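Visitor:
Numbering (the UniProt record's numbering), first residue to last: 1 to 643.
1. Under 8 Å: do the segment 461-469 and the segment 375-388 share three or more Cβ pairs, one atom per stretch?
2. From the DSSP secondary-structure annotation, give me the bridge partner or partners of residue 350.
3. So, at 6 Å on beta carbons, what are the nonlocal neighbours of residue 206 in its own chain, with the 5 sequence-adjacent residues on each side left out?
4. What ranges does the beta strand (DSSP E) occupy inside the segment 612-641, keeping only unbroken runs of at least 3 residues that lie completely in it?
5. Helix, strand or coil for residue 317? Go by DSSP, reduced to three states.
6. Under a Cβ-count criterion, where at least 16 other Cβ atoms within 10 Å of its own Cβ denotes burial, should residue 267 be classed as buried or exposed?
7. Have a look at residue 635 and residue 467 and give me their C-alpha separation to the nearest angstrom.
8. I think residue 575 touches residue 234, with their Cβ atoms under 8 Å apart; what is that distance to the nearest whole Å?
9. What residues in its chain sit with their C-beta under 7 Å from that of residue 347, if we drop five residues either side in the sequence?
10. One question on the structure: do residue 318 and residue 623 come within less than 7 Å of each other, judged by their Cβ atoms?
11. Please classify residue 353 as buried or exposed, where buried requires at least 16 neighbouring CB atoms within 10 angstroms.
12. Going by DSSP, what residue range makes up the beta strand (DSSP E) through residue 307?
13. Should residue 425 and residue 447 be called a contact, given that it needs their Cβ atoms to be closer than 7 Å?
14. Count Cβ pairs between the segment 525-533 and the segment 570-588 that sit closer than 8 Å; are there 3 or more?
15. Could you tell me the alpha carbon to alpha carbon distance between residue 725 and residue 599, rounded to whole angstroms?
16. Quick one: any contact between the segment 444-458 and the segment 490-509, if contact means 3 or more CB pairs under 8 Å?
17. Check whether the segment 469-489 and the segment 532-539 are in contact - that is, three or more C-beta pairs closer than 8 Å.
18. Do you know how far the Cα of residue 198 is from the Cα of residue 411?
19. Given a cut-off of 7 Å, decide if residue 309 and residue 316 are closer than it, judged by their beta-carbon atoms.
20. Quick check on this structure: which residue in 171, 25 and 243 has the alpha carbon closest to the alpha carbon of residue 444?
21. On the CB-based measure, 16 or more other CB atoms within 10 Å of its CB, does residue 554 come out buried or exposed?
22. So if DSSP puts residue 494 in a beta bridge, which residue, or which two residues, is it bridged to?
23. Kindly indicate which three-state DSSP category residue 197 falls into: helix, strand or coil?
24. Whose C-beta lies closer than 8 Å to the C-beta of residue 186 among residues of the same chain, with five residues either side of it excluded?
25. Let me know the secondary structure DSSP gives residue 220 once reduced to three states.
26. Closest to residue 182 by C-alpha separation, out of 192, 191, 170 and 193, would be which residue?
27. Looking at the unbroken alpha helix (DSSP H) that takes in residue 531, where does it start and where does it end?
28. Between residue 93 and residue 200, what straight-line distance do the alpha-carbon atoms span, to the nearest angstrom?
29. Can residue 566 and residue 589 be called in contact, C-beta distance under 7 Å?
30. Return the chain-ordered list of same chain residues with a C-beta closer than 7 Å to the C-beta of residue 257, the five sequence neighbours on each side being excluded.
31. Please state whether the Cβ-Cβ distance between residue 479 and residue 520 is less than 7 Å.
32. Where residue 120 and residue 539 are concerned, what is the direct C-alpha to C-alpha distance, given to the nearest angstrom?
33. How many Å lie between residue 700 and residue 572 at the Cα?
34. Just the Cα atoms here: how many angstroms apart are residue 621 and residue 334?
35. Let's see if you can read the secondary structure: which residues bound the alpha helix (DSSP H) around residue 262?
36. Counting only the same chain and skipping the five closest in sequence on each side, list residues whose C-beta sits under 6 Å from that of residue 240.
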């Protein structure tokens, strides 16, 4: 295992003790700063060179004791970057100093000794494993007699999956004194293990750790402690993932096997009884969840889907429904939202090849027979669309603007509650799947994709509502409404919808309506400018990040920006270095993903009383969206022709 100092410890690398004349002064200073420990005196300069392991260990102990003193002294002198020079020069100038933590191995002088310009001989000590770590930001130098202090001083940087897991289990503590470093390491591993190993591989590794590893190679106490650590890790794993991997057969089989092993071991290790009871509770909760799922139906049937029903060739209604929805229910929603008679309408499923199939009232929309991708179209009985293309629709001038008659606070509450319902169902692991394996997510990113889709649809809905309003005075009222709704969403800590509304008003098709914007009152323009500052991308979205930090949870972040941060970390850093997992990269990703957990805390404090008005529900839950950019610009130029 390779260990290296952190950047904080290596910021100043000058050394006052480069020649033998200053060495004794350094030792005297060391004895004043640290407690005296009885060690063998090093060989005098005039005597024969030190030989053998005893002399090497003695020299190393002096070197390790002296290292923090030299760093502190050099830090006070504040050397410039170009004058930095590390006292323990390695064969490669860019290689960080490494040394063995569990035990030290002396390398013979004729093999790996390097000599600097002053004739000072520097030896290297290395640990030959495959998991490396760098020191943490702990300032206190750990005592040699305290292995726990040593372990807390280092964090994993890279290694093979097996070595990372071994390091995790060795550092794991079961008492209440478990440090933040150990908790973070465990959380990082559980959040990101799917990047470098499958769930099946993890189950096999844990199976080996609790069963084979303890046979005759460890004392009884060590074997007991390792078993308890594995049980603790599995418990944390289950709590973190909840029902995210509920249906994986590998996990079900592993849980049963692990329970059988613990039952067998409890006779040999009575201390496992408490851990066994906790594990039984865990299995009981999983069993209850599985039963609930079986009663409600399959997981696919219990999830909701975003259904797009086209009402014209260039616009559709976005409806969130259960997969079991039938054609009659969907037609009822469309008829209410579009002010059409349900008796004069029918639902048609069209494939990409152009084939059409009329759905009967009780036909399931997402049945196996309609599994092929396509679009749903609301038609008249003669199979013509209920609306012509919007650029040729004479009904737009007579169509009432529903949103003008609805209270802005009620609309913002409905938007926020809708978004909270989606955001609270997002697992942290969905962001990992979305970033690393978007093509093979196998349904693991459904909630995240829904929220991203909803953000895009709210933006398009704002554009559509403004551009479908032919009256100048009503358009001004609509702009004022949307500005107030965006401000209310921000006050309700729903930054996702607030951003979407502001971006919708900032699109070229809407922002070019100069005659409309000129008639907006000054106080609304000022409010819009303040909200617009949050969307400023300069300095890596500093304005948004500062405002987001000041906002207390629970809160809904702007999800596209959060995914952008994770993607930048992923694309800018290799996942593997020389066949070793770059765990430092995964730690940075896990740190970003944990933001979801922070935002979802204290959800009860963010409950808003929704308005029961069907008008509000119809306007916010069933968005009428124009998905054709050409249509949007044609409508914009029709409202205010280019001069």
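All C-beta atoms in this analysis are idealised placements derived from N, C-alpha and C, irrespective of residue type, glycine included. Note that this is a predicted model, so its numbers are computed, not measured.
Guide: Put simply:
1. no
2. Taking the chain shown and counting its residues from 1, the one referred to as residue 350 is at position 350. Secondary-structure assignment with DSSP links residue 350 through a beta bridge to 356 and 375.
3. Here residue 206 is taken as the residue at index 206 of the chain shown, counted from 1. Hits under 6 Å: 230.
4. For the segment 612-641, whole beta strand (DSSP E) runs of length 3 or above, ordered along the chain, are 623-626.
5. Here the question's residue 317 lines up with position 317 in the chain shown. Residue state, collapsed to three classes: strand.
6. Here residue 267 refers to the residue found at position 267 when the chain shown is read from its first residue. Burial call: exposed.
7. To locate residue 635, count along the chain shown from 1; it is residue 635. To locate residue 467, count along the chain shown from 1; it is residue 467. Their backbone Cα atoms lie some 6 Å apart in a straight line.
8. Within the chain shown, numbered from 1, the residue matching residue 575 stands at position 575. Within the chain shown, numbered from 1, the residue matching residue 234 stands at position 234. No, residue 575 and residue 234 are not in contact; Cβ-Cβ is about 25 Å, not under 8 Å.
9. Reading the chain shown from its first residue, position 347 is the one you call residue 347. So the list reads 327, 330, 331, 359, 376 and 378, once near-sequence residues are dropped.
10. For the purposes of this step, residue 318 is identified with residue 318 of the chain shown, where counting begins at 1. For the purposes of this step, residue 623 is identified with residue 623 of the chain shown, where counting begins at 1. Yes, Cβ-Cβ distance for residue 318 and residue 623 is below 7 Å.
11. If you number the chain shown from 1, residue 353 lands on position 353. Exposed, because fewer than 16 other Cβ atoms sit within 10 Å of the Cβ of residue 353.
12. Within the chain shown, numbered from 1, the residue matching residue 307 stands at position 307. Looking at the DSSP string, the run of the beta strand (DSSP E) that includes residue 307 is 305-312.
13. Residue numbering aside, residue 425 sits at position 425 when the chain shown is read from its first letter. Residue numbering aside, residue 447 sits at position 447 when the chain shown is read from its first letter. Going by C-beta atoms, residue 425 is nearer than 7 Å to residue 447.
14. no
15. For the chain, the structure presents residues 1 to 643; residue 725 sits outside this window and is missing.
16. yes
17. Result no; under three Cβ-Cβ pairs closer than 8 Å.
18. In the chain shown, counting from the first residue as 1, residue 411 sits at position 411. In the chain shown, counting from the first residue as 1, residue 198 sits at position 198. The alpha-carbon atoms of residue 411 and residue 198 are separated by roughly 44 Å.
19. Counting from 1 along the chain shown, the entry for residue 316 is found at position 316. Counting from 1 along the chain shown, the entry for residue 309 is found at position 309. Less than 7 Å separates the beta-carbon of residue 316 from that of residue 309.
20. Against the chain shown, residue 444 aligns to sequence position 444. Looking at the Cα atoms, 243 is the closest of the given residues.
21. Working through the chain shown from its first residue, we reach residue 554 at position 554. Its Cβ being crowded by 16 or more others within 10 Å, residue 554 is buried.
22. The residue given as residue 494 occupies position 494 in the chain shown. Partner(s): 556.
23. As a first step, residue 197 is located in the chain shown; it is residue number 197 there, counting from the start. Three-state DSSP puts residue 197 in coil, outside helix and strand.
24. The residue you call residue 186 lines up with position 186 of the chain shown. Same-chain partners within the cutoff: 168, 172, 233 and 236.
25. For the purposes of this step, residue 220 is taken as the residue at position 220 of the chain shown. Note: residue 220 maps to helix in three-state DSSP.
26. The count along the chain shown starts at 1 and reaches residue 182 at position 182. Nearest C-alpha to residue 182: 170.
27. Here residue 531 refers to the residue found at position 531 of the chain shown. Here the alpha helix (DSSP H) through residue 531 covers 522-534.
28. By 1-based counting over the chain shown, the position of residue 93 is 93. By 1-based counting over the chain shown, the position of residue 200 is 200. With a pLDDT of 42 at residue 93, under the threshold of 50, the predicted position of this residue should be treated as unreliable, though the coordinate-derived value follows. Roughly 42 Å between the two C-alpha positions.
29. Looking up residue 566 in the chain shown gives position 566. Looking up residue 589 in the chain shown gives position 589. In this structure, residue 589 lies closer than 7 Å to residue 566 by Cβ.
30. If you number the chain shown from 1, residue 257 lands on position 257. Excluding sequence neighbours, residue 257 sits near 207.
31. Position 479 of the chain shown, counted from the start, is the residue given in the question as residue 479. Position 520 of the chain shown, counted from the start, is the residue given in the question as residue 520. Yes, Cβ-Cβ distance for residue 479 and residue 520 is below 7 Å.
32. As a working note, residue 120 is residue 120 in the chain shown. As a working note, residue 539 is residue 539 in the chain shown. Confidence in residue 120 is poor, its pLDDT being 29 and thus under 50, which makes the residue's placement too unreliable to answer from.
33. Residue coverage of the chain in this structure runs from 1 to 643, which leaves residue 700 outside it and unanswerable.
34. As a working note, residue 621 is residue 621 in the chain shown. As a working note, residue 334 is residue 334 in the chain shown. Rounded to whole angstroms, residue 621 to residue 334 spans 12 Å at the Cα level.
35. Counting from one through the chain shown, the residue named residue 262 turns up at place 262. Counting along the chain, the alpha helix (DSSP H) containing residue 262 begins and ends at 249-265.
36. Residue numbering aside, residue 240 sits at position 240 when the chain shown is read from its first letter. Answer for residue 240: 190, listed in chain order.
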